[in-house]
Amino acid sequence: MPLPKQSHSLRQEDFDRLLAWLDDDRELAGTEYEKIRRRLTTIFASRGCRVPEELADETMDRVSRRVADIRETYSGNKVLYFLGVANNVHHEFLKRPALSSPMPLVTERDDQERTHACLEGCINKLTERSQHLIRNYYAEDKQKKIVLRRVLAEQMGINLNALRARALRIREELQVCIERCLTSE
Amino acid sequence: MGDQNNNSGTGALTPLSDETIRRCLLGAALPNEQASFEERLLVDDDFEKRVRLVEFELADDYSFERLGAVDRELFANNFLVTEDRDRKVAVSKALRRSLSTAADRSPVTSPTSPASKLWPRLKSPALFFSNYPVARMAIAGFALLLLGVFIWLVWKSPRVQPPELVKRQATPSPGREYAHPPSSQTPPTPTTTPITPVGILVLQFGGQTEEQQIQFATAPSETDIVRFELVLVSHQIATYQAELLSAAGDRIAGIADVKPVVENEHAKVVWDVPAQHLKPGDYQIELRRVVEGQTQAAGRYSFRVK
Numbered sequence: 001m002p003l004p005k006q007s008h009s010l011r012q013e014d015f016d017r018l019l020a021w022l023d024d025d026r027e028l029a030g031t032e033y034e035k036i037r038r039r040l041t042t043i044f045a046s047r048g049c050r051v052p053e054e055l056a057d058e059t060m061d062r063v064s065r066r067v068a069d070i071r072e073t074y075s076g077n078k079v080l081y082f083l084g085v086a087n088n089v090h091h092e093f094l095k096r097p098a099l100s101s102p103m104p105l106v107t108e109r110d111d112q113e114r115t116h117a118c119l120e121g122c123i124n125k126l127t128e129r130s131q132h133l134i135r136n137y138y139a140e141d142k143q144k145k146i147v148l149r150r151v152l153a154e155q156m157g158i159n160l161n162a163l164r165a166r167a168l169r170i171r172e173e174l175q176v177c178i179e180r181c182l183t184s185e
Numbered sequence: 001m002g003d004q005n006n007n008s009g010t011g012a013l014t015p016l017s018d019e020t021i022r023r024c025l026l027g028a029a030l031p032n033e034q035a036s037f038e039e040r041l042l043v044d045d046d047f048e049k050r051v052r053l054v055e056f057e058l059a060d061d062y063s064f065e066r067l068g069a070v071d072r073e074l075f076a077n078n079f080l081v082t083e084d085r086d087r088k089v090a091v092s093k094a095l096r097r098s099l100s101t102a103a104d105r106s107p108v109t110s111p112t113s114p115a116s117k118l119w120p121r122l123k124s125p126a127l128f129f130s131n132y133p134v135a136r137m138a139i140a141g142f143a144l145l146l147l148g149v150f151i152w153l154v155w156k157s158p159r160v161q162p163p164e165l166v167k168r169q170a171t172p173s174p175g176r177e178y179a180h181p182p183s184s185q186t187p188p189t190p191t192t193t194p195i196t197p198v199g200i201l202v203l204q205f206g207g208q209t210e211e212q213q214i215q216f217a218t219a220p221s222e223t224d225i226v227r228f229e230l231v232l233v234s235h236q237i238a239t240y241q242a243e244l245l246s247a248a249g250d251r252i253a254g255i256a257d258v259k260p261v262v263e264n265e266h267a268k269v270v271w272d273v274p275a276q277h278l279k280p281g282d283y284q285i286e287l288r289r290v291v292e293g294q295t296q297a298a299g300r301y302s303f304r305v306k
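Residue numbers (this note's numbering), protein chains in the order written: chain D, 1 to 185; chain E, 1 to 306.
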């Protein structure tokens, strides 16, 4: 896995110090860095922040700058230290003037066509059983959907919860496959 | 730090349901739920996997137009804020476009489907009977007979009101009531009806369906009403709109231009709904606030009719 991108406002030695604090193995530290950043993004989004990725980056940068001071004395789960800093970043964000409107989700027609083409290819790469499941899981809306999923679960000898979990895992596989397909084009 | 599930320093982690995760992702969780969500998300890899799956489900529900008005607004404002999530929605839309009509091409029961060979048809009684029209007709006849007996029993039995449901009386404020679909034969019922409700259900925002239930002792008549008291999270000077939704997200009834009443320092929106709309099942009421012509999500209330 490539090392995480260092933000422009961060000094190289602070960034290196953060990675070293996260793990002795630089590769594993990079993975950990991305994981924490991704989770902080989800947390900021769930707090209703319009720019969660920006705030997650700001949190990562601040922790990087503080590692030199805390690495010898800090005990406990390091991840929770990020949460404390994230709370400060969030408080400051709340004092900023509010953004006027949400960013619109713009999907170009070409993008839709490409996504659709990739989807077909990715579905065909699934096992026969997964294809059957995913095609039927997403086949119908509303009441018919409920009946269809019940029959599908019955056929597979599993309950609706297990069916949902399987379908969503296949959905996740499709997402990865489609994103790979889109970037390779 | 390489430890995948290092929980040291976090104490016992509160279990969170997928429904709670969903509320957190929509930015509509209660403060204690939000705190548990954040802590678990940071320290628990398995929990993060669950969160990612719920994200996919939300993106799907949005793209397949299965979200109610309030959740749709929360989704647009609080969920669609990263490129990663935009991409999820794009794939969900492609899935809808590609597969939502796929039942015709690859039905679950299709004998030509390769999957139907993998899973024997006999596992499903419904599928089994679909091969035997006589058996199907016999079952239908038996069901009709049972329905007739049930209707006769209901007609004969005296009406009993469940007293525990009637917590307190409230005077509903006038509002414009409407029913879905617009072509419904059910006439709108004025909210200031003098009829005593067969039950009053006080609903709290974020309350669990299991704790907010109503049960009719007998089948409700055409004139019976159930009074809902929707306790507001915060009281603002505004009028409100409410919509009653089935578990599948179908709109059943609605009310607009209703003003909240204040009782014991709690503001609430009071809404009388014809009891006949309420068949056994799970429901939600979506509440929207109207301030200077703009509508805002004001809460979602879950309840169950037993």
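Think of the CB as a built atom: it goes at the ideal place given N, C-alpha and C, for glycine as much as any other residue.
For H91/D, no chain E residue has a C-beta closer than 9 Å to its own C-beta; the minimum C-beta separation is roughly 15 Å. Listed in chain order, the non-local C-beta contacts of K125/D below 8 Å within the same chain comprise C177, local neighbours out to five positions each way being set aside. Close to chain D, meaning a Cβ-Cβ distance shorter than 7 Å, is no residue of the segment 197 to 225 of chain E at all. With respect to the C-alpha of V85/D, the residue from A56/D, Y33/D and R149/D having the closest C-alpha is A56/D.
Between T115/D and A242/E, the C-beta gap is not smaller than 8 Å, which leaves the two residues out of contact. Residue contact check for I146/D against chain E: a CB pair falls below 8 Å. R288/E is bridged by DSSP to Q241/E and A297/E. Cβ-Cβ separation between I36/D and F82/D: approximately 6 Å, consistent with a contact (criterion under 8 Å). Separation of L53/E and I21/E (C-alpha to C-alpha, rounded to the nearest whole angstrom) is 10 Å. Collapsing the DSSP output to three states places P274/E in a strand. For H91/D, the number of other beta carbons within 10 angstroms of its own is below 16, and it is reported as exposed.
Rounded to the nearest angstrom, the gap between the Cα atoms of V231/E and A143/E is 41 Å. Going by DSSP, V202/E is part of the beta strand (DSSP E) stretching over G199 to Q204. Under the 10 Å beta carbon count, D257/E is surrounded by fewer than 16 other beta carbons and is classified as exposed. At least one CB atom of chain E sits nearer than 8 Å to the CB of R39/D. Each of R129/D, A167/D, G76/D and Y33/D was checked against the Cα of Y137/D, and the nearest Cα belongs to A167/D.
At a cut-off of 8 Å between beta carbons, K268/E makes no contact with chain D. In this structure, T59/D sits away from L80/D, with a CB-CB distance that is not shorter than 8 Å. When beta bridges are read from the DSSP output, Q213/E appears opposite R304/E. Contact fails between the segment 75 to 87 of chain E and the segment 39 to 51 of chain E, because fewer than three Cβ pairs, one in each stretch, are under 8 Å apart.
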